[in-house]
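Participant: Right, I'll just put the structure down here and ask away after.
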Ligand SMILES: [Zn+2]
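Numbering (the working numbering), first residue to last: 52 to 370.
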């Protein structure tokens, strides 16, 4: 096994890598504290948490590939037991990618669907879809890609998206699971790996043989390798992403790049909630002013903001 260039580094990050001699880039993701922070701020059923954990992994893979200053958003929308699941990513100016997420669902319907052995994607019901949005602020054009939710897992649904939008060979694995600690405490681990074929540029990336059949064969082999990777390998906090990449692809010549650190963060604030309230239609504002207190919960981080009616609708300080 190749020697590691540094000691194992666990935590919350994406590790980009490249398979030397192949037109293939990849990313390994490990989320521990981040997944725990996002998930334990809510009290969702375990199946919803698993889907949320996997969505965090998928968004971290894609968000860290984009060069932009805005927010990258994944939304799953359905008419089934889960109606909405949303995760977003925004790079902070200190270089750390900030992430958060939430879900909306009918708890009884989730349990009923699971009794009927619904898949995680099946929890969103028929006619559901997934949307990826790049939001670079009010003055910039929003990019959005929408595809029907296909398959049984989020990884299968993501592949459908890649096939339709990018049309480049992609293989992806996503996993999330709770870790039960002594004393009943629960932490979450989420992890995943993606490999993606890249277009050859100027011949530099062509394999020495330059043989398309050889490339196809290699690609098939890598796809199978990824499919047979166990969830436990993706989720083991004692195996850092670099070790996992070397273990899986030791024959392919792995070159790893700088890791991309991530953390949980929600940019909501009292001032932002106040601005939101002031943007509501007059009728809604009147109705709220008649209440004793106005309580607004942030969907993402579950922070509660409580206002007296007379303070809710005055101009908020800029933050
Ligand atoms: Zn929040």
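Each residue gets a CB set at the ideal place from its N, CA and C atoms; glycine is no exception.
Computed from a predicted model, the values in this text were never measured in an experiment.
1. At a cut-off of 7 Å, is residue 351 close to ligand 1 when judged by its beta-carbon and the heavy atoms of the ligand?
2. Could you give the C-beta distance for residue 313 and residue 240, rounded to a whole number, given that I count them as a contact under 8 Å?
3. Just list the residues that DSSP pairs residue 135 with in beta bridges.
4. Give me the DSSP bridge partner(s) of residue 240.
5. For residue 351, tell me which candidate among 96, 112 and 138 has the shortest Cα-Cα distance.
6. From residue 123 to residue 142, what does the alpha carbon distance come to, in whole angstroms?
7. Span of the alpha helix (DSSP H) holding residue 90?
8. For the alpha helix (DSSP H) that residue 95 lies in, which residues bound it at each end?
9. Can you find at least 3 beta carbon pairs, one from the stretch 168-182 and one from the stretch 96-111, that sit closer than 8 Å?
10. Taking its Cβ as the centre, do 16 or more other Cβ atoms sit within 10 Å of residue 68, making it buried, or is it exposed?
11. If you reduce the DSSP assignment to three classes, tell me which class residue 213 lands in.
12. Go through its chain and collect everything with a Cβ distance to residue 349's Cβ below 7 Å, but skip five positions before and after it.
13. The alpha helix (DSSP H) that contains residue 329, what's its start and end?
14. Does the Cβ of residue 149 lie closer than 7 Å to at least one heavy atom of ligand 1?
15. Please work out which residues of its chain come closer than 8 Å, Cβ to Cβ, to residue 335, disregarding the five sequence neighbours upstream and downstream, and give them in chain order.
16. Relative to the C-alpha of residue 91, which residue among 363, 175, 361 and 354 is closest?
17. Since residue 198 contacts residue 224 with CB under 8 Å, what's their CB separation in whole angstroms?
Facilitator: From the atom records:
1. yes
2. Not really, about 14 Å apart at Cβ, beyond 8 Å.
3. 128 and 155
4. 228
5. 138
6. 9 Å
7. 84-91
8. Premise fails: residue 95 is in no alpha helix (DSSP H) and is neither H nor E.
9. yes
10. buried
11. helix
12. 317 and 319
13. 321-329
14. no
15. none
16. 354
17. The pair is not a contact, with the Cβ atoms about 19 Å apart (cut-off 8 Å).
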